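> The structure is given below, and queries will be raised subsequently.
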Amino acid sequence: VCINDVILFFGGCNLNAISKSVHKYSIRENKLVTFENTLPSPLRDFVAILNEEDNDIHIIGGLNDKNIVVAIHIKTNVRVWDPLQLVMICYLLFILIKHKQIILHVMNSQRKK
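So in this note's numbering the end of the sequence shown lands on 1441, straight run, no missing numbers.
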C-alpha cells in the first residue's frame, strides 16, 4: 500500500517461510523499517487496499502458513503504521483547541446569516 512517499509491506513469503511482518519503506529517505507490531498470523497472496476517505487499510483473503486459503478481512488504520499521520492529526487538534474561540465565533456568525 502506497501512502504519500511511504510504501507499507504486509506479510509475504520467501523460500522458507510465510511472514506476518510489516515493513515501511520511505521513498524520500530510501529507508526500510520493520515494525514490532505484526499481522495476527502469517499471510501471503492477499489483497491490501487503502480507503483514502477514512485512511483504513483493508487486508483481504490470502494463504496462511499451511498454504490454506483463508477468508479473512483485517482492517487497520494508517496511523498505526505511519507516525507522521499521527503527528499531523495531533497538530490539527492543537490548532483546533488553540483557536477554538475564533472557530466558534466564525461558525456562530455564519449560522446567524
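Where is the CB? At the ideal position from N, CA and C, for every residue including glycine. Since the structure is predicted, the reported quantities are computational estimates derived from the model, not experimental observations.
Thinking C-alpha only, which one of L1371, R1356, H1386 and T1362 is nearest V1492?
Residue 1492 falls outside the range modelled here, since the chain spans only 1329 to 1441, and no answer is possible.
> Thinking just about the alpha-carbon of each residue, which of V1375, R1407, N1358 and S1369 is nearest to the one in K1394?
S1369
> Exposed or buried, what is G1390 when buried is set at 16 or more other beta-carbons lying within 10 Å of its beta-carbon?
buried
> Measure from the alpha carbon of E1381 to the alpha carbon of each residue in N1405, G1340 and D1333, then state which is nearest.
N1405
> Specify the secondary structure class of R1356 as computed by DSSP and reduced to three states.
Judged by DSSP in its simplified three-state form, R1356 adopts coil rather than helix or strand.
> Using a Cβ-Cβ cut-off of 8 Å, state whether I1346 counts as contacting chain B.
No chain B appears in this structure, which consists of one protein chain only.
> Going by DSSP, what residue range makes up the beta strand (DSSP E) through L1336?
V1334 to C1341
> How big is the Cα-Cα spacing for V1361 and N1379?
23 Å
> Could you work out which residue in F1374, V1329, A1399 and A1376 is closest to I1314 when comparing CA atoms only?
Summary: the structure shown does not reach residue 1314, with the chain confined to residues 1329 through 1441, and so no result is reported for it.
> Determine, using beta carbons only, whether I1385 and V1375 come nearer to each other than 8 Å.
No; because the gap between Cβ atoms is not below 8 Å, this pair is not in contact.
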